[in-house]
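Visitor: Chains as they are written, first to last, in the working numbering: chain A, 927 to 1424; chain B, 927 to 1424.
Next up is a structure, given as structure tokens.
Protein chains: 2
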Amino acid sequence: MKTKYEKYVNTLQKLADIEHSIAVLSWDKEVNLPENAAAMRGQQVATLSGIAHEIFTEDSFGELLNELNAFGNELSFKQKRNIQTSLKDYKKFKKFSNDFVIRRSKVTSSTYHAWLKARKENDFALFKDALREMVDVKRKEAEILGYEDHPYDALIDEFEPELKTEHLTVLFKDVREQLVEFVKELKGHAQVDDSFLYKFYPKQKQWDFGINILKAMAYDFNAGRQDLSPHPFTTSFGATDVRVTTRIDEHNFGNMTWSCIHEGGHALYEQGLPIEDYGLPSGKYVSLGIHESQSRLWENNVGRSLGFWKTHYTALQQLFPGNLKKVSLNDFYKGINKVVPSLIRTESDELHYHFHILIRFEIEKGLIEGSLEVEDLDKIWNEKYLSYLGVEVPDDNNGVLQDIHWAHGSFGYFATYSLGSFYAAQFFKQALKDIPNLSEQIEKGDTSKLLEWLRENIHQHGMTYNADELCEKVTGEKLNFKYFMDYAREKYNAIYAL
Amino acid sequence: MKTKYEKYVNTLQKLADIEHSIAVLSWDKEVNLPENAAAMRGQQVATLSGIAHEIFTEDSFGELLNELNAFGNELSFKQKRNIQTSLKDYKKFKKFSNDFVIRRSKVTSSTYHAWLKARKENDFALFKDALREMVDVKRKEAEILGYEDHPYDALIDEFEPELKTEHLTVLFKDVREQLVEFVKELKGHAQVDDSFLYKFYPKQKQWDFGINILKAMAYDFNAGRQDLSPHPFTTSFGATDVRVTTRIDEHNFGNMTWSCIHEGGHALYEQGLPIEDYGLPSGKYVSLGIHESQSRLWENNVGRSLGFWKTHYTALQQLFPGNLKKVSLNDFYKGINKVVPSLIRTESDELHYHFHILIRFEIEKGLIEGSLEVEDLDKIWNEKYLSYLGVEVPDDNNGVLQDIHWAHGSFGYFATYSLGSFYAAQFFKQALKDIPNLSEQIEKGDTSKLLEWLRENIHQHGMTYNADELCEKVTGEKLNFKYFMDYAREKYNAIYAL
């Protein structure tokens, strides 16, 4: 079994090399690509993806996995888990016929282009046919993959393994009943001022400040770098090369700052994955929800806390005295936590954010189970925005066309953003319990103990535990929405109501 | 045959995608790589290279090639050439046993590390054992590949297909008898002044000037980009993405400028290769010598000509008035063409350059045929430098350890640098004949007709003709050293003797 397990490891490492090569090509595409090179780059990525797919779905590899799974008694717990995870993925891949894969790939491409066109014309009608076809493909995909309770389960599993629709339904009921109601309460109080964020902040100074914040978080620049790209993202080519990007708007200081902290949180997770498990499930992130918990814990629980800015605000004021010298730390803190409903998900505050996701969850679930039709999607969208956020959607680009996810066929992705915040609140609460004086450390600009705690409790395990198990292992219980509500109430009551 | 040829094309395109992916990874390594990522990147490149090797050497691909070669009567001339070239490469690859490939790879790695160590200690003695082993591997490689007249032939073929040792021997005899003698004559005349090149030239301004020069050459920034790297290079990920790098020394303006023009020349060739022949020999450069002819034609025949600077010197003076306002165009022209012997190949003027190559050619030939021993290489090196260039080599880093080529196992590479200059002189002479008023156009800063001529006569053909055939097709005769000597005499007599 030992040499068979080694053979398995070698195959997964080879696959990881290919996947990370694709990641380099994709990173370069976002950061560096010359105008005329897009088609060629797409072809190169497709070729590498095809090769990886061939290697992973080879019958002999499946036999190896089955053998290791059935007779691997002398394997360790971690090794067994690795085999189980790989076998699950292998079986999934094998379920798809060539015809289906080709159809899905074609539909994904045409849906994406239809979305681009519809965006250009600001007209959902131009996206309808393609999206209808895409929903059909995803429903077919769910049928092929199989499910016990709900077809949407099969799709969620791609992003958040083993999470069920049922669980999300309960969770978003809580969002609707508790968070939506809480935000209504806040509206009764005077609004805070954040106009200082929209003064002129020169590019280079913002860049320097972002780099310093990343350094303060202990993002390792010897194992990564920051660049500019139209949309901020984190990508890993292995734990020794985890890159982040940001964007800079000279009239919106917050844009760069919290994208740096957010991506920095993602990157700390990737830099902390065990390099000795390179390519194996135990060397990979658990799920998108857990990944997002790392970015949001840093972005919100740390990066939008009063304590964090006790140190960093002094540096910031010195860097931009004209804009900030008259803004007190407390007013800065309130401003960066302004709660206000908006049309665009990615521009939302950390409370309304989950209303955006709630709406997308309800729509996705409806489309996949067939209780809701693409035909009426713009109307449904606008009604929900009016009902949950109280905003009138003026046009499709500010409404149903704003996100790329459905155009990519990513149904089941959105919910992981909310899961990230909810896990983050629960994890952070636990960190505050486990680490003596964590709040004081953060006030002094020292997050090293927090990072150590994340490394030990979350990063080092890779996928050895699934999200549920990990949460229970770290906090003593499964995901509980209560922690997010506690966090929200404590923080925002102090900002708005007190 | 038609579908078989298509199958062949598909395989080569797939291989090109993998090779260009490797090129992206390698470019990123030179331009962007974080400190800790080198080992991982090396592994990723090795995995992709292994996959490409597997695909190319599959028996079924060899059968396809043999069939197309034997029965491809209805194929076009270009298609036949493609098959012949691929079959030649295939046969070459198949000659190597796995054991040999592994040995060569190990020796290459250890020789490279021994060279690094020897460089660090500035001591050739630390490189001797490894280099001896490497020479042994290369001699074995020549035996495996086979040859008619000289074992060195087999190694040259890797870089300059079909060129023979015999030909190089005649060529470098000419260099020794004509060029070495001519440079001796120049020494009788007063030296020119180039001190203005070593004043302070700020980085950003140099960068901007370099970009403008590339634009003036019609390097297509929509199909490429320039970045900084420790050693300037050009790399292609397909004709729609051909990138150049440069380096900037604030106290040596020439460093950046002619590296930009040189790499720009390489890049124009790659951008001009026929995209419809992507992956095929007919879509690839002919040889390193022809590639170098393109960089050197732009760097020297154009970029160090008086005419070229008639336009660009005005801009340059405006950009650096403090350094250049008192330097006349003529003095600038003389300074940038200063002929002076030096120790380091890469810092040489365009005449002494070939003395450096002559020395390396004599040494390589001797090592491979066994008439010369690694044991005495430092002494031999120093004697030749004293004899041909009249310079005393003070230490090994400034002598026999200066180049990486032997550490990489690249025997047969150096000569292609000289071939580049010689082809360039012959091509440029022909361009002057073929294009009415080319000199006047260049004086006006217009090199568009020259580029058109290069595209039509050289770039568009890819490997459809070998270097010999191409040279004859373009200039009516095979490579003739006379053209380089004519160019050298006319130019440098005017600068020094008149």
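Each residue gets a CB set at the ideal place from its N, CA and C atoms; glycine is no exception.
(1) Taking the straight line between their C-alpha atoms, what separation do you get for Tyr1311 of chain A and Ile1283 of chain A?
(2) Let me confirm a value: Val1027 of chain A is counted as buried when at least 16 other C-beta atoms fall within 10 Å, else exposed. Which label applies?
(3) Out of A:Asn1383, A:Glu1107, A:Gly1316, state which residue places its alpha-carbon closest to the alpha-carbon of Arg1415 of chain A.
(4) Look at the alpha carbon of His1385 of chain A and the alpha carbon of Arg1222 of chain B, and state the distance between them as a whole number of angstroms.
(5) Thr1172 of chain A bridges to which residues according to DSSP?
(6) Residues in its own chain within less than 7 Å of Asn1406 of chain B by CB, not counting five upstream and five downstream?
(7) Would Pro1156 of chain B pass as a contact of Arg1173 of chain B if the rule is Cβ separation under 8 Å?
(8) Please confirm if Ser1365 of chain B has its CB atom under 8 Å from at least one CB of chain A.
(9) The beta strand (DSSP E) with Thr1160 of chain B in it runs from where to where?
(10) Return the residue from the list B:Tyr1418, B:Leu1396, B:His1280 that minimises the CA-CA distance to Leu1097 of chain B.
(11) Thr973 of chain A versus chain B: which residues are under 7 Å apart at the beta carbon?
(12) With 8 Å set as the bound, which would you pick, yes or no: does the beta-carbon of Asp1167 of chain A sit closer than that to a beta-carbon of chain B?
(13) Judging by CA-CA distance, which residue of B:Ile1289, B:Leu1358, B:Tyr1343, B:His1331 is the nearest neighbour of Leu1277 of chain B?
(14) Taking 6 Å as the limit between beta carbons, can you name the residues of its chain near Lys1090 of chain B, skipping five residues before and five after?
(15) Is the beta carbon of Pro960 of chain A sitting closer than 8 Å to the one on Arg1381 of chain B?
(16) Can you give, in chain order, each stretch of the alpha helix (DSSP H) that sits fully within the region 949-1020 of chain B and has at least 4 residues?
(17) With 16 other CB atoms within 10 Å as the buried threshold, where does Glu1225 of chain B fall?
(18) Determine whether the Cβ of Pro1207 of chain A lies closer than 8 Å to any Cβ atom of chain B.
(19) Could you give the DSSP three-state label for Ser1048 of chain B: helix, strand or coil?
(20) Go through its chain and collect everything with a Cβ distance to Val1266 of chain A's Cβ below 8 Å, but skip five positions before and after it.
(21) Distance, Cα to Cα, Lys1404 of chain A vs Val1101 of chain A?
(22) Determine the closest residue to Thr1034 of chain B out of B:Ser986, B:Ser1162, B:Lys1359, B:Lys1064, with distance taken between C-alpha atoms.
(23) Apart from the five residues just before and just after Ser986 of chain A, which ones in its own chain have a Cβ nearer than 7 Å to its Cβ?
(24) Nearest chain A C-beta to Ala963 of chain B closer than 8 Å, yes or no?
(25) Where DSSP assigns a beta bridge to Asn1178 of chain B, which residues make up the other side?
(26) What number of angstroms, rounded off, separates the C-alpha of Gly1164 of chain A from the C-alpha of Pro1207 of chain A?
(27) Closer than 7 Å by C-beta to Phe1019 of chain B: which residues in its own chain qualify, once you throw out the five before and the five after it? Chain order, please.
(28) Between the alpha carbons of Met1389 of chain B and Thr1166 of chain A, how many angstroms are there, rounded?
(29) Any contact of the region 1284-1302 of chain A with the region 1347-1367 of chain A, i.e. 3+ C-beta pairs under 8 Å?
(30) Counting only the same chain and skipping the five closest in sequence on each side, list residues whose C-beta sits under 8 Å from that of Phe1050 of chain A.
(31) Between Leu974 of chain B and Ser1012 of chain B, how many whole angstroms is the CB-CB distance? I'm expecting something under 8 Å.
(32) Classify Asp1083 of chain A as buried or exposed, calling it buried when 16 or more other Cβ atoms lie within 10 Å of its own Cβ.
(33) Against Met966 of chain A, what residues of chain B qualify as contacts under a CB-to-CB distance less than 9 Å, listed in chain order?
(34) Helix, strand or coil for Gly1072 of chain A? Go by DSSP, reduced to three states.
(35) Using beta-carbon positions only, say whether Gly1248 of chain B and Thr1183 of chain B come within less than 8 Å of one another.
(36) Report the option in B:Trp1133, B:Phe1234, B:Asn1148, B:Asn1181 whose CA atom is closest to the CA atom of Leu1245 of chain B.
Guide: Reading from the atomic positions:
(1) Between Tyr1311 of chain A and Ile1283 of chain A, the C-alpha separation is close to 11 Å.
(2) Burial state of Val1027 of chain A is exposed, judged by a 10 Å Cβ sphere holding fewer than 16 other Cβ atoms.
(3) Distances from the CA of Arg1415 of chain A to each of A:Asn1383, A:Glu1107, A:Gly1316 were compared; the closest alpha carbon is that of A:Glu1107.
(4) Rounded to the nearest angstrom, the two C-alpha atoms are 53 Å apart.
(5) Beta-bridge pairing by DSSP links Thr1172 of chain A to A:Leu1154.
(6) Correct list, in chain order: Gln1352.
(7) Taking a C-beta distance under 8 Å as the contact criterion, Pro1156 of chain B and Arg1173 of chain B qualify as a contact pair.
(8) No, its Cβ sits nowhere closer than 8 Å to a Cβ of chain A.
(9) Run containing Thr1160 of chain B: 1160-1162, per the beta strand (DSSP E) assignment.
(10) With respect to the C-alpha of Leu1097 of chain B, the residue from B:Tyr1418, B:Leu1396, B:His1280 having the closest C-alpha is B:His1280.
(11) Under the 7 Å cutoff, chain B gives Lys940, Asp943, Ile944.
(12) Taking 8 Å as the CB threshold, Asp1167 of chain A lines the interface with chain B.
(13) By alpha-carbon distance to Leu1277 of chain B, the top candidate from B:Ile1289, B:Leu1358, B:Tyr1343, B:His1331 is B:Tyr1343.
(14) Result list for Lys1090 of chain B: Asp1079, in chain order.
(15) Contact check for Pro960 of chain A against Arg1381 of chain B fails: the beta carbons are separated by 8 Å or more.
(16) Runs of the alpha helix (DSSP H) inside the region 949-1020 of chain B: 964-982, 985-997.
(17) Answer is buried; the Cβ neighbour count reaches 16.
(18) No Cβ of chain B is located within less than 8 Å of the beta carbon of Pro1207 of chain A.
(19) Ser is not the amino acid found at residue 1048 of chain B; the sequence shown has Asn there. If DSSP states are grouped into helix, strand and coil, Asn1048 of chain B belongs with coil.
(20) Contacts found: Gln1117, Asp1275, His1278.
(21) Rounded to whole angstroms, Lys1404 of chain A to Val1101 of chain A spans 17 Å at the Cα level.
(22) For Thr1034 of chain B, the nearest C-alpha among the options comes from B:Lys1064.
(23) For Ser986 of chain A, there are no CB contacts under 7 Å within the same chain when 5 residues up- and downstream are skipped.
(24) Interface flag for Ala963 of chain B against chain A is set, since a Cβ pair is found closer than 8 Å.
(25) Under DSSP, Asn1178 of chain B shares a beta bridge with B:Asp1175.
(26) Straight through space, the alpha carbons of Pro1207 of chain A and Gly1164 of chain A are spaced by roughly 13 Å.
(27) Counting only Cβ-Cβ distances below 7 Å, and skipping sequence neighbours, we find Phe982, Thr983.
(28) If I take the Cα positions, the gap works out to 40 Å.
(29) The region 1284-1302 of chain A is not in contact with the region 1347-1367 of chain A.
(30) The answer, listed in chain order, is Ala1044, Leu1303, Asp1304, Asp1322, Gly1325, Val1326, Leu1327.
(31) Between Leu974 of chain B and Ser1012 of chain B the beta-carbon gap is near 20 Å, outside 8 Å, which marks them as no contact.
(32) Of the residues assessed, Asp1083 of chain A falls on the buried side of the cut-off, its CB having 16 or more other CB atoms within 10 angstroms.
(33) Within chain B, the residues near Met966 of chain A are Asp943, His946, Phe1163, Gly1164, Ala1165, Thr1166, Asp1167, Ile1201, Tyr1204.
(34) Shown here, Gly1072 of chain A sits in coil according to DSSP, grouped into three states, outside any helix or strand.
(35) Going by C-beta atoms, Gly1248 of chain B is not nearer than 8 Å to Thr1183 of chain B.
(36) Residue B:Trp1133 is the option with its Cα nearest to Leu1245 of chain B.
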